[in-house]
Amino acid sequence: MNDHMIDLRSDTVTRPGHGMLAAMTEAEVGDDVWGDDPTIKRLQDALAERTGKEAGLFFPSGTQSNLAALMAHCARGDEYIVGQLAHTYKYEGGGAAVLGSIQPQPIENAPDGSLPLDKVAAAIKPIDDHFARTRLLALENTIGGKVLPVQYVTDATNLARKWGLATHLDGARVFNAAVASGQPVAELCAPFESISICFSKGLGAPVGSVLVGSKALIEVAHRWRKVLGGGMRQAGVLAAACHYALDHNVVRLAEDHENAAHLASALAQIEEVTVQSQATNMVFAQIPLEHCQQLEAWLKERGILTQMLYSSRFVTHMDVSRSDIDVFVAALKAYFCVPAFRK
Ligand SMILES: *Cc1c(COP(=O)(O)O)cnc(C)c1O
2 MNDHMIDLRS DTVTRPGHGM LAAMTEAEVG DDVWGDDPTI KRLQDALAER
52 TGKEAGLFFP SGTQSNLAAL MAHCARGDEY IVGQLAHTYK YEGGGAAVLG
102 SIQPQPIENA PDGSLPLDKV AAAIKPIDDH FARTRLLALE NTIGGKVLPV
152 QYVTDATNLA RKWGLATHLD GARVFNAAVA SGQPVAELCA PFESISICFS
202 KGLGAPVGSV LVGSKALIEV AHRWRKVLGG GMRQAGVLAA ACHYALDHNV
252 VRLAEDHENA AHLASALAQI EEVTVQSQAT NMVFAQIPLE HCQQLEAWLK
302 ERGILTQMLY SSRFVTHMDV SRSDIDVFVA ALKAYFCVPA FRK
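Going by my numbering, the first residue of the sequence shown is number 2, and it counts up by one from there.
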């Protein structure tokens, strides 16, 4: 894939730039399974401080970080309440059930990404041998690019606590939520006992997630990380990239959000495209289904990568500029101008 492709498929596609690569090259490393990697320790401590938690733990992926957290909260035969659209439920291969023996209790997400509290309350099972033990409520912020309303998070986590449930946030993009809402990330994390944060999305690192929570919880997650094959050795080279991202790429997420808003308003001008939503760095739009495959190929020939489905998601990130977005929009318009492609 050449370097000039305009890639709107996801914010996971960013490449490390010179500054990040230099930080990786210079990282002081050690064997982290032995607890010897100072760069990893620094990153974990920085995240714990930034999120207002006691401890952090570095993972190779957000999937593993979420799974280790679920396994730290729930034992075999326990249950977690989660959204139908949540990454941990829908996009992680069913890991909680497959590897954790944890039963998911999915709930349909409301359009704003929240889980209606009456449905959450109704899903919490009485203590009875017939039922899995409901142990955890897991939310996601941002979800589908949307920032969960602060009051909703307060109410949902209060409900969880009232029923003795633990709380986990899949905060893969919690820094996008913080930047978009103007809330400190610690405020967004405060209602939760554990939060998983990705560095390989909009923050632009090649690899890495950090789980934060209490010392006791992180100790349990540390054991599960080893069991899941996530104990890494001189991974300080990776943690250095994440630390660089934390220092340099958080504030600039606002640019991605502005670019997504710009993209949404430009797409809204195209008759054949229906914009469904835009929030933070994501735009969801409907492209007539009969065009999706052909249009994807047309764009690819012009150096633009997209994934067109029933509802297409276009994601902005640090490797997509304002002018790249204009190039994309112009290409879409050009496509729909070809008489044979019009509806
Ligand atoms: C990307 C993502 C993850 C996990 O990501 P990995 O690809 O496993 O690093 C978890 N949750 C959400 C919401 C994500 O977007």
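C-beta: ideal position from N, C-alpha, C; glycine also.
field: Secondary structure of residue 28, DSSP reduced to three states
entry: coil
query: What residue does the alpha helix (DSSP H) around residue 245 start on, and which one ends it?
result: 237-249
query: Would the stretch 263-279 and the stretch 213-228 be scored as touching if the rule is three or more Cβ pairs under 8 Å?
result: no
query: Between residue 177 and residue 247, what straight-line distance do the alpha-carbon atoms span, to the nearest angstrom?
result: 12 Å
- prompt: With 16 other CB atoms within 10 Å as the buried threshold, where does residue 114 fall?
  reply: buried
task: Give the straight-line distance between the Cα atoms of residue 199 and residue 290, rounded to the nearest whole angstrom.
output: 32 Å
Start-to-end residues for the alpha helix (DSSP H) that takes in residue 254: 254-268
- prompt: How should residue 80 be labelled, buried or exposed, when 16 other C-beta atoms within 10 angstroms of its C-beta is the threshold for buried?
  reply: buried
message: Please state the DSSP three-state secondary structure of residue 168.
response: strand
message: Could you give the first and the last residue of the continuous beta strand (DSSP E) run that contains residue 196?
response: 195-199
- prompt: Between residue 285 and residue 277, what straight-line distance do the alpha-carbon atoms span, to the nearest angstrom?
  reply: 5 Å
Close beta carbons around residue 243, own chain, < 6 Å, minus the five adjacent residues each side: 44, 200, 206, 209
query: Residue range of the alpha helix (DSSP H) that residue 46 falls in?
result: 39-52
query: What does a CB cutoff of less than 6 Å around residue 57 pick up in its chain, not counting 5 residues either side in sequence?
result: 45, 48, 49, 211, 213
query: With a Cβ-Cβ cutoff of 7 Å, do residue 92 and residue 105 count as a contact?
result: no
- prompt: From residue 160 to residue 151, what does the alpha carbon distance come to, in whole angstroms?
  reply: 14 Å
message: Let me confirm a value: residue 120 is counted as buried when at least 16 other C-beta atoms fall within 10 Å, else exposed. Which label applies?
response: exposed
- prompt: In angstroms, rounded to a whole number, what distance separates the CA positions of residue 295 and residue 95?
  reply: 32 Å
- request: Would you mind sorting residue 252 into buried or exposed? The rule is 16 or more other CB atoms within 10 Å of its CB.
  value: exposed
task: With a cut-off of 5 Å, give the chain-ordered residues whose Cβ is closer than this to any heavy atom of ligand 1.
output: 62, 63, 64, 88, 171, 173
Three-state secondary structure (DSSP) of residue 105: strand
field: Alpha-carbon spacing of residue 315 relative to residue 112, whole angstroms
entry: 18 Å
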